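J.:
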Amino acid sequence: MTKNIAHRGARSLAPENTMAAVKRAFDLGADLWETDVSVTKDEALILFHDNSLERTTNATTVFPGRPSYLFTEFTLAEILALSAGSYFEATDPAGEIAAGNVSRQDLDSFKTERVPTLEEALVFTRDNNWQVNLELKDLPGGFNAFPLPQRTLEMIKRIGIGLDQFVISSFNHTWLKQVQALAPMVQVQALLGDLDGEILDFKDYHFETYNLNHTSVDEQTIQDLKLRKKKINLFTVNDTRDMNRFLKAGVDGIITDFPQRLAAILK
31 MTKNIAHRGA RSLAPENTMA AVKRAFDLGA DLWETDVSVT KDEALILFHD NSLERTTNAT
91 TVFPGRPSYL FTEFTLAEIL ALSAGSYFEA TDPAGEIAAG NVSRQDLDSF KTERVPTLEE
151 ALVFTRDNNW QVNLELKDLP GGFNAFPLPQ RTLEMIKRIG IGLDQFVISS FNHTWLKQVQ
211 ALAPMVQVQA LLGDLDGEIL DFKDYHFETY NLNHTSVDEQ TIQDLKLRKK KINLFTVNDT
271 RDMNRFLKAG VDGIITDFPQ RLAAILK
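Here you go:
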């Protein structure tokens, strides 16, 4: 059965990559959630997507005049001092507030949401017998040599989360091969299609699972990959017509900002 994968948590209903979005996705019955592993100036692992803190935090208000708002230029203490949810009401990124699908109580609570640590995310997933897709992102600000795969695996081992409760994904396929060498039992998933409509290059079809940009994929591509015994997850599928089309094509997972929409279809 196709898995319902909540992109950065249920980010249409709560601020992305916050514990509020994670808990909302869990309550909606998503099979797993997807998030982005990043690192602070003092080398703490956090969940954050953009290179800059500006879009989804109040960093420019709390720390005005900083020469850079790259997350790698801020310590963990500084990042934990930020609101990672106050932007949500002002921007209504998915239109779900205007549609009446987010309560006043939730909006008020989002203002105190902060950027989570990887440890928090893993503990929540472990304790709720759930699953998470950890995307390892290329790092800005002079951190290109930071050993993100190794540090992530060390944290996973320390938290004691089960092998069946997480997968590691990345556009950086060299990192994924490092993970396979260091921890052969860990599931990895290769991302392709950073740009919409990009022509996908599978090279040697090394990986068992590919996470593909849905704008670069048609039913023939899916069929060809299935014939090669590959598993296919598609991102970021938000339109119900596309969800139905790809479900019919037999994809293994759909990564979506709207796990509530996909859950209704999968009932």
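Numbering follows the numbering used here, in which position 171 of the sequence shown is assigned residue number 201; successive positions increment by one, without gaps. Using N, Cα and C, we set each Cβ at its ideal position, and we do this for glycine too. Predicted model, so just to flag it, every value in this text is computed and none were measured.
#1: DSSP on Ser68, reduced to helix/strand/coil?
#2: Could you tell me the alpha carbon to alpha carbon distance between Leu193 and Ala211, rounded to whole angstroms?
#3: Give the single residue among Ala124, Ala74, Glu119 and Pro123 whose Cα lies nearest to the Cα of Thr102.
#4: Put Val52 into one of helix, strand or coil per three-state DSSP.
#5: Is Trp63 helix, strand or coil when you go by DSSP?
#6: Could you check where the beta strand (DSSP E) with Ser200 kicks off and where it finishes?
#7: If distances are taken between C-alpha atoms only, which option among Val247, Glu149 and Asn47 comes closest to Lys225?
#8: Could you say if the stretch 117-133 and the stretch 40-47 meet the contact criterion of at least three C-beta pairs nearer than 8 Å?
#9: Is it buried or exposed, Arg54, if we count other Cβ atoms within 10 angstroms and call 16 or more buried?
#10: Within the stretch 152-213, note down every full alpha helix (DSSP H) run reaching 4 residues or more, in order along the chain.
#11: What is the C-beta distance between Glu149 and Met185, in whole angstroms, given that I count them as a contact (C-beta under 8 Å)?
#12: Within the continuous alpha helix (DSSP H) that includes Lys278, where are the two ends?
#13: Is the beta carbon of Gln219 less than 8 Å from the beta carbon of Asn241?
T.: Considering the structure as presented:
#1: strand
#2: 16 Å
#3: Ala74
#4: helix
#5: strand
#6: Phe196 to Ser200
#7: Correcting the residue type first, residue 225 is Leu in the shown sequence and not Lys. Cα-wise, what sits closest to Leu225 is Val247.
#8: yes
#9: buried
#10: 178-189 and 203-212
#11: 6 Å
#12: Thr270 to Ala279
#13: yes
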